[in-house]
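Scroll down for the structure; my scribbles are underneath it.
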Amino acid sequence: MSRVRVLVGTKKGAFILTSDGKREKWDVSGPHFAGWEMYHLKGSPADPNRIYASQTSGWFGQIIQRSDDGGKTWFQPGTPPGESTKAPDGSPKGESNKFVYDTSLETGAPLTTHQFYDGTQHPWEFKRVWHLEPSLTDPDTVYAGVEDAALFRSANGGKTWEELSGLRGHGTGPQWQPGAGGMCLHTILLDPKNAGRIVIAISAAGAFRSDDAGKTWKPINKGLKSQYIPNPEAEVGHCVHHIAQSALRPELLYMQKHWDVMRSDNAGDSWTEVSGNLPTDFGFVIDVHAHEPETIYVVPIKSDGEHYPLDGKLRVYRSASGGNEWEELTQGLPQSNCFVNVLRDAMAVDSLDKCGVYFGTTGGQVYCSPDAGDTWGPIVRDLPAVYSVEVQTLP
Amino acid sequence: MVRVELPAHLRALAHVKGEVTVEVSGPVSILSVLDALEAKYPMLEGTIRTHGTRQRRPFLRFFACAEDCSLDPPEKPLPEEVASGKEPLLVVGAIAGG
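So the protein lines, in turn, are chains A and B. The first sequence begins at 1 in this note's numbering and counts up by one. The second sequence begins at 396 in this note's numbering and counts up by one.
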């Protein structure tokens, strides 16, 4: 029988939740990296036992961790597992946490500033890795979306990282500015049918696409309207919270923007709003059913000033028509006095026959629906605030 | 042999318990001690000093013989008690967060 492994990043460590395909009984391991902020963990589709994790701290900076045994043991890729860290002779350098912006004269020179909160230009300063996206085909290749916004790639299992500087360098970089959570590159989508295509999103710059494996980039924000920026239909500057992609139809994208839920049928060339009858179209997460490209999920949040569900009722909304027509899903979710948030990377789906949907909250709950959203139950209730949730479907 | 006391999170990262010791050739300073520390424990690179600038991370401070030496020039010799191993160099995480 198939199994699922849920990778949970929290404010104070990582947790791994495992179950068989029934998704009724769960084993919980953790906290891994206790006390550290774990922004994101994600497994390699090419080797499910290979998991990458972003471990970060305001005190000690950024660490990249890797597991090659499904999360049982971890190491920094710059230091091979089992090798004594005490031996000065031959010990490789711990470079796995080294993210250095491209400052070369050829490509880096024009990339030195972005717009700051007060409208002035500000130099790029690395802060942390928000999102790790392993290659679909090579376990040693992984992408990292970082704050201040940039995209890095490692081709050696996370040991060293190089910036794909064509993103910051395509021309609009000086117009990017931080959102309330910082200027983060939080979404990385790899196209399973087009190896050269990468879609990323930045808060608050918008969505961008490369069709040549990250060498060159263009903004893909046509159709977005953001009343909170000087030109609501600007080429860049939109606060995109998250984008989800249908694995079956990769050109079909769904976006949860600061306000507005959007869809694109052409890989982001144009977007149309599909908020429809949602009670509020502010939110952070959005995801797509594993087998039904037109079935999508969001968790509406009251407003940009009040980051919790309307009326204290935690409700997932599902659309089976690719947006516009939404139904509320409440069975098993708290319907009174619930004032948690669901952060942008904290929803995921498995690929079992009956698609499972998962999300984590800032209150420390991780909920699972084993029936595509019809019913929900908590896997765990009392973790630290959940930053991210990813799911691996295992044989 | 120079003794260094690390914050708990960095001890966990380096897989050590208690104080660590490093061999320092030449003058014993913040710079030379941290260079030796990172050579012995490469996983600590970037956690005390930022990559690139090699500046002290803002929420960490250095103490020697009960004196805050965080703002001293990195090349400035540390007190003889630290250089001789009688006293440890303390790497201290700021208490912050409210």
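C-beta: ideal position from N, C-alpha, C; glycine also. All values reported here derive from a predicted model rather than from experimental measurement.
Nearest candidate by alpha-carbon position, reference Pro422(B), set Ala434(B), Pro453(B), Ser465(B) and Glu470(B): Glu470(B)
Arg197(A) - DSSP class collapsed to helix/strand/coil: coil
Thr18(A) to Leu343(A) span [Cα, whole Å]: 22 Å
Nearest-angstrom Cα separation, counted from Thr160(A) out to Lys98(A): 7 Å
When His131(A), Glu273(A), Gly169(A) and Phe60(A) are compared against Glu106(A), the one with the closest alpha-carbon: Answer by Cα proximity: Gly169(A).
Own chain, CB closer than 6 Å to Pro123(A), minus 5 neighbours either side, in chain order: Thr112 and Thr113
Buried or exposed by the 16-neighbour rule on C-beta atoms within 10 Å, applied to Lys481(B): exposed
Per-residue burial, Arg381(A) [other beta carbons within 10 Å of its own, 16 or more giving buried]: exposed
Contacts that Thr445(B) makes with chain A (C-beta to C-beta distance below 9 Å): Within 9 Å Cβ-Cβ: Gly61 and Phe126.
Secondary structure of Gly399(A), DSSP reduced to three states: The requested residue 399(A) is not part of the displayed model; chain A covers only 1 to 395.
Limits of the unbroken beta strand (DSSP E) element including Glu147(A): Val142 to Glu147
Nearest candidate by alpha-carbon position, reference Thr172(A), set Glu37(A), Asn221(A) and Glu125(A): Per the Cα distances, Asn221(A).
Proximal chain A residues relative to Thr448(B), where beta-carbon distance stays under 8 Å: By Cβ distance, chain A contributes nothing, its closest Cβ being about 10 Å from Thr448(B), past 8 Å.
Under 9 Å from the C-beta of Val100(A): neighbouring residues of chain B: Within 9 Å Cβ-Cβ: His446 and Gly447.
Selection from Pro453(B), Val428(B), Leu405(B) and Glu400(B) that minimises the alpha carbon distance to Ala478(B): Val428(B)
Status (buried if at least 16 other CB within 10 Å, exposed otherwise) for Ile51(A): buried
Residues that Pro483(B) contacts on chain A, provided the C-beta gap is smaller than 7 Å: Simply none; closest approach about 18 Å.
Short-range partners of chain B found in the stretch 65-78 of chain A, where Cβ spacing is below 9 Å: Phe75, Gln76 and Gly78
Within 8 Å, strictly: CB atoms of Ser323(A) and Thr375(A): Before going further, note that residue 323(A) is Gly rather than Ser in the sequence given. Result no, Cβ atoms of Gly323(A) and Thr375(A) do not sit closer than 8 Å.
CB contact check: Phe458(B) to chain A, cutoff 8 Å: Chain A, which has no Cβ nearer than 8 Å to the Cβ of Phe458(B), makes this no.
Short CB-CB distance (under 8 Å) between Pro437(B) and chain A: yes
Residues bridged to Val423(B) (per DSSP): Val423(B) is not bridged to any residue.
Asp350(A) beta carbon less than 8 Å from that of Thr295(A): 8 Å or more divides the Cβ of Thr295(A) from the Cβ of Asp350(A).
Cβ-based burial, Thr56(A) [other Cβ within 10 Å; buried from 16]: buried
Complete beta strand (DSSP E) runs within the stretch 10-35 of chain A (minimum length 3 residues, chain order): 13-20 and 27-32
In DSSP terms, what Arg209(A) is bridged to: Arg209(A) pairs with Val199(A) and Lys218(A).
Partner residues on chain A for Thr347(B), Cβ-Cβ distance less than 7 Å: Only positions 396 to 493 of chain B appear in the structure, and residue 347(B) is not among them; the question remains open.
Contacting positions in the stretch 22-47 of chain A - beta carbon closer than 9 Å to chain B: Phe33, Ala34, Gly35 and Trp36
With 16 other Cβ atoms within 10 Å as the buried cut-off, status of Lys22(A): Note on Lys22(A): under 16 other CB atoms within 10 angstroms of its CB, so exposed under the neighbour-count rule.
From Val316(A), Gly283(A) and Leu314(A), residue whose alpha carbon lies closest to that of Ser303(A): Checked all of Val316(A), Gly283(A) and Leu314(A); the closest Cα to Ser303(A) is Gly283(A).
Environment of Glu440(B) [buried if 16+ CB atoms lie within 10 Å]: buried
Any C-beta of chain A under 8 Å from that of Gly488(B): yes
8 Å Cβ cutoff, Arg398(B) in contact with chain A: no
Outcome for Thr362(A) when other beta-carbon atoms lying within 10 angstroms are tallied against a minimum of 16: buried
Local Cβ density within 10 Å of Asp212(A), reported as buried at 16 or more and exposed below that: exposed
Within-8 Å CB hit, Asn341(A) to chain B: no
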